[in-house]
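Asks: This is the structure I want to talk about, given as structure tokens.
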Amino acid sequence: MRFKTFVIIALIFTLFNSCKKVQHKDRIREGYIEYDIEYLDDSMDSFMKGLLPKKMTIKFKNNNTINKIEGFSGIVSFTHIQNFREKRNITLVKVLNKKYKYVEKLNDKSMFFEELPGMKIEVQDTSLEVCGFKSKKARITIPDSNVEPFYIYYTDDIIINNVNAQTPFKSIDGVLLEFKLKLYDMPMKLTARKIQEAEISSEDFEIPKGYESINKKTMIEIIELLKQ
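Whatever position you read off the sequence shown (first residue = 1), add 1035 for my numbering.
See below:
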């Protein structure tokens, strides 16, 4: 079975119109965000597009975050945990009955995101309400590339320190609510559709038992194998 398209989305983890409004008290520190994933490549096979995940949920508490994406009826899953107190990122990969974990320091260059050299971020004067949260608008340009300029929206009313530390948007001090990304020639857009203040168990950010620790080289080999 070819897992290439699923792996591309799983590496994102590390993202308006149908957005559900919620009531919240000023800035929130604990809860979850649901994102819709839209695939922008019209030439993509409709069957393969139908197999790709359509939603991603991120839970957050005490500056910790976790998101999980499953594909092919749970045969493959990727989980990304950012542990702020311990200053580390944990990636969990499950393929059938095989379970692996890879740990990076919080500020290390991530193996899961491509660098965007020279990327320019221009914060705009306008703002937009997304899911009941006031969001700032920024224009993204990448010089010397064929990527068209695009806009992102982010808010500082959700408090998660260093939430973008290992993404191409690490200089953005806020939680991304709408943004575009292109990986392996697959353009996509992630848009927050629901933001909910809720109690999240601290156990959600712990590493489950049964995962084998691997190094960076082995993790890369696993990812490359799944892309075939």
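Glycine is no exception: its CB is placed at the ideal position from the N, C-alpha and C atoms.
List in chain order: all unbroken beta strand (DSSP E) runs of 3+ residues lying wholly within the region 1156-1183.
Replies: Segments of the beta strand (DSSP E) lying fully in the region 1156-1183: 1168-1176.
Asks: Is the number of C-beta pairs between the region 1125-1132 and the region 1148-1167 that are closer than 8 Å three or more?
Replies: no
Asks: Pro-1203: buried (16+ other C-beta within 10 angstroms of its C-beta) or exposed?
Replies: buried
Asks: Around the Cβ of Val-1198, are there at least 16 other Cβ atoms within 10 angstroms (buried) or fewer (exposed)?
Replies: buried
Asks: Please determine, among Lys-1169, Leu-1087, Ile-1116, Lys-1103, the residue with the shortest C-alpha to C-alpha distance to Lys-1096.
Replies: Ile-1116
Asks: Quick check: the Cα distance between Ser-1236 and Arg-1228, rounded to an integer number of angstroms?
Replies: 22 Å
Asks: Helix, strand or coil: which one does DSSP assign to Glu-1121?
Replies: coil
Asks: Buried or exposed: where does Glu-1190 fall if 16 or more other Cβ atoms within 10 Å of its Cβ makes it buried?
Replies: Contrary to the premise, residue 1190 reads as Thr rather than Glu in this sequence. Buried.
Asks: From Phe-1168 to Ile-1068, what does the alpha carbon distance come to, in whole angstroms?
Replies: Phe-1168 and Ile-1068: Cα-Cα distance of roughly 12 Å.
Asks: In whole angstroms, what separates the C-alpha of Thr-1161 from that of Glu-1183?
Replies: 20 Å
Asks: Which value, in whole angstroms, describes the spacing of the CA atoms of Ser-1248 and Tyr-1137?
Replies: 6 Å
Asks: Would you kindly work out how many angstroms separate the C-alpha atoms of Leu-1216 and Glu-1121, rounded to a whole number?
Replies: Cα to Cα, Leu-1216 sits roughly 28 Å from Glu-1121.
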